[in-house]
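Peer 1: Residue numbers for the sequence shown follow UniProt numbering, beginning at 1 and rising by one. Quick reminder that beta carbons are idealized off the backbone N, C-alpha and C, glycines included. Handing you this structure, nothing more for now.
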Amino acid sequence: MRECREFDVMFREWYRPFFYFAYRYVKDEEVCRDIVSETFAVLWQNFDTIARPTAKSYLLSVLRTKCIDYLRHQQVHDNYIQYATQLNDTFTHEGTLEEVEYRVSMVRSSMEKLTPYNRNILEQCYIHHKKYKEVAEDLGVSVAAIHKNIVKALRILRKELKNR
1 MRECREFDVM FREWYRPFFY FAYRYVKDEE VCRDIVSETF AVLWQNFDTI ARPTAKSYLL
61 SVLRTKCIDY LRHQQVHDNY IQYATQLNDT FTHEGTLEEV EYRVSMVRSS MEKLTPYNRN
121 ILEQCYIHHK KYKEVAEDLG VSVAAIHKNI VKALRILRKE LKNR
């Protein structure tokens with residue numbers, strides 16, 4: 001019971017400053033609320049092990065890391081969108097239906113060069129529009145591992161398509 005009160009005091013005292021801290025990085029109020037809530041969830045899950053005098057600085061480092069992870073995910077997502085848009089522009093602005101079908105088959109065959117694991121992650125994130133966190137939970141790996149495999153898969157696809 002005492003822990004609940006302590007947590008409640010920390011939450012009430014730190015929520016607003018944490019929100020503004022996150023907003024300096026992310027610039028999206030809804031995302032900031034989610035990130036700050038996830039940060040307090042970390043506090044709640046580890047409440048017995050976190051030393052009270054260092055709790056605020058620990059949580060700020062967790063918050064900062066979550067903001068950076070979000071921004072990295074957005075960067076990869078934006079890079080993919082830009083790449084897909086360029087591909088789409090190429091398909092729509094050039095040539096006949098046969099040329100478009102040929103390019104689609106090139107992309108499909110290039111995807112076959114990926115490992116089944118990387119291909120699955122790429123499909124889950126960009127074809128089925130799942131968030132990295134969802135895919136990570138489904139596969140039982142970290143979000144960082146999903147990010148790393150997406151970057152690797154996109155690098156391979158770019159290289160394969162460039163060579164054709």
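Which whole-angstrom value describes the C-beta separation of Val151 and Asp69, a residue pair presumed to lie in contact below a C-beta threshold of 8 angstroms?
Peer 2: Sequence index remark: in the sequence shown, residue 151 carries index 151 (1-based). Sequence index remark: in the sequence shown, residue 69 carries index 69 (1-based). With 8 angstroms as the limit, Val151 and Asp69 do not qualify as a contact, their Cβ atoms being about 14 angstroms apart.
Peer 1: I need the DSSP call for Ile50, collapsed to helix, strand or coil.
Peer 2: The count along the sequence shown starts at 1 and reaches residue 50 at position 50. When DSSP states are grouped into helix, strand and coil, Ile50 belongs to the coil group.
Peer 1: Would you say Val36 and Phe19 are within 8 angstroms of each other, going by their C-beta atoms?
Peer 2: Looking up residue 36 in the sequence shown gives position 36. Looking up residue 19 in the sequence shown gives position 19. Yes. Within cutoff.
Peer 1: Am I right that Leu157 and Ser105 are in contact with their C-beta atoms under 8 angstroms? What's the rounded C-beta distance?
Peer 2: Translated into the one-based positions of the sequence shown, residue 157 becomes position 157. Translated into the one-based positions of the sequence shown, residue 105 becomes position 105. About 14 angstroms; that fails the 8 angstroms criterion.
Peer 1: Taking 8 angstroms as the threshold, find out whether the stretch 62 to 80 comes into contact with the stretch 36 to 45 through three or more Cβ pairs.
Peer 2: yes
Peer 1: On the criterion of 16 or more Cβ atoms from any shown chain inside 10 Å, does Asn79 qualify as buried, or is it exposed?
Peer 2: Here residue 79 is taken as the residue at index 79 of the sequence shown, counted from 1. Flag for Asn79 reads exposed.
Peer 1: Going straight from the alpha carbon of Phe11 to that of Val107, what length do you get?
Peer 2: The residue labelled residue 11 in the question sits at position 11 within the sequence shown. The residue labelled residue 107 in the question sits at position 107 within the sequence shown. Computed Cα separation, rounded: 49 angstroms.
Peer 1: Would Cys125 and Val135 be called neighbours here (beta carbons separated by less than 8 angstroms)?
Peer 2: Along the sequence shown, read from residue 1 onward, the residue named residue 125 stands at position 125. Along the sequence shown, read from residue 1 onward, the residue named residue 135 stands at position 135. Closer than 8 angstroms, so yes.
Peer 1: If you draw a straight line from the C-alpha of Pro17 to the C-alpha of Arg24, how long is it?
Peer 2: Walking along the sequence shown from the start, residue 17 turns up at place 17. Walking along the sequence shown from the start, residue 24 turns up at place 24. Looking at the two C-alpha atoms, the distance is approximately 11 angstroms.
Peer 1: May I ask which residues mark the beginning and end of the alpha helix (DSSP H) holding Thr39?
Peer 2: Working through the sequence shown from its first residue, we reach residue 39 at position 39. Where Thr39 is concerned, the enclosing alpha helix (DSSP H) stretches over Glu29 to Gln45.
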